[in-house]
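J.: Numbering (the working numbering), first residue to last: 11 to 67.
#1: Inspect the beta-carbon positions of residue 24 and residue 40 and report whether they are closer than 7 Å.
#2: Report yes if the C-beta distance between residue 43 and residue 22 is below 7 Å; otherwise report no.
#3: Name the two residues that bound the continuous alpha helix (DSSP H) containing residue 52.
In C-alpha cells form, the structure reads like this:
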C-alpha cells in the first residue's frame, strides 16, 4: 500500500503482469490510460510563463 508514503498515488489497473503489460496488445491499453492521466495532469496545473535566465557575464 503506497498511501502511507505517497498519498496521491493512483493505481490504474491494466491487463497483464509486470512484464507483459508493456507487450502487445496490453501496451496499447497502458498507453491509452497513461495519455488520459498525463492530459488531465497538464490541464490541472497552472501554466507558468517562460522566463529565460541570462548567463552570468
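For each residue, glycine too, the CB sits at the ideal point set by N, CA and C.
Treat the numbers as computed from the prediction; the structure is a model and nothing was measured.
T.: So, from the data block:
#1: yes
#2: yes
#3: 36-54
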